[in-house]
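Asker:
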Amino acid sequence: MQLTKLIPNVFYSDMKVGLQLFVDTLGFEVAYRDDSGEQPFCIIKRDTLVIHLIESHEWAIKDRPELRLETDDIEAVHALVKGSHPELLHPNAPEIHLQPWGSLEFALKDTEDVCVVVQQPA
Numbered sequence: 001m002q003l004t005k006l007i008p009n010v011f012y013s014d015m016k017v018g019l020q021l022f023v024d025t026l027g028f029e030v031a032y033r034d035d036s037g038e039q040p041f042c043i044i045k046r047d048t049l050v051i052h053l054i055e056s057h058e059w060a061i062k063d064r065p066e067l068r069l070e071t072d073d074i075e076a077v078h079a080l081v082k083g084s085h086p087e088l089l090h091p092n093a094p095e096i097h098l099q100p101w102g103s104l105e106f107a108l109k110d111t112e113d114v115c116v117v118v119q120q121p122a
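Taking UniProt numbering, I'd label the letters of the sequence shown as residues 1 to 122.
In structure tokens, the structure reads:
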């Protein structure tokens, strides 16, 4: 038996904020979207990554996740973000830096305080 993926649910008061971060900035694609229910829902994908975005004000104020995405080209991801949505670069980690544990990292933070750390093994 194998566990093959971890698929996080990320809650937003306004789904547009999540779509800006993940789709417009990081290049994810919307694989499924349902805006008709009480809690609008999206499945977004890029490469082997899958994230569920759920619009729920109640859960958005309770759950402020920090996600880590590993890449094989941190310079390209940083250039993509800096060129398209520099306002999303986290004020505490806007540039690529080497962590003591050997990881190159920078971070993004959206207006609902969802944080995404992009990392690459050094």
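Every residue, glycine too, gets a C-beta built ideally from N, C-alpha and C.
Note that the structure is predicted; figures quoted are calculated from it, not measured.
(1) Going straight from the alpha carbon of Leu80 to that of Glu38, what length do you get?
(2) Pull up the distance between the alpha-carbon of Val116 and that of Leu3, whole angstroms please.
(3) Just the C-alpha distance for Asp63 and Asn9, rounded to the nearest angstrom, thanks.
(4) Do the stretch 69-87 and the stretch 53-61 touch if we need at least three Cβ pairs shorter than 8 Å?
(5) Secondary structure at Asp34, three-state DSSP: helix, strand or coil?
(6) Taking the alpha-carbon positions, what's the His97 to Lys109 distance?
(7) Going by other Cβ atoms of all chains shown within 10 Å of its Cβ, with 16 needed for buried, is Gln99 buried or exposed?
(8) If you count every other CB in all the chains shown that lies within 10 Å of the CB of Thr48, and 16 or more means buried, which is it?
(9) Looking at the structure shown, is Phe11 part of a helix, part of a strand, or coil, going by DSSP?
(10) Using a Cβ-Cβ cut-off of 6 Å (strictly less than) and excluding sequence neighbours within five positions of Glu105, which residues of its own chain qualify?
(11) Looking at Ile7 and Phe28, is the spacing between their C-beta atoms short of 8 Å?
Answerer: For this structure:
(1) Our two residues, Leu80 and Glu38, have alpha carbons roughly 34 Å apart in a direct line.
(2) If I take the Cα positions, the gap works out to 23 Å.
(3) Looking at the two C-alpha atoms, the distance is approximately 10 Å.
(4) No: the two stretches stay apart, fewer than three of their Cβ pairs being nearer than 8 Å.
(5) Residue state for Asp34 is assigned as strand, using DSSP reduced to three classes.
(6) When the Cα atoms are used, His97 and Lys109 turn out to be separated by approximately 17 Å.
(7) Its Cβ having fewer than 16 others within 10 Å, Gln99 is exposed.
(8) Under this definition Thr48 is an exposed residue.
(9) In this structure, Phe11 counts as strand in the three-state DSSP scheme.
(10) Shown here for Glu105: same chain residues with a beta carbon closer than 6 Å to its own, the five before and five after excluded, namely Gln99, Val117 and Gln119 in chain order.
(11) Taking 8 Å as the cut-off, the beta carbon of Phe28 is found no closer than this to the beta carbon of Ile7.
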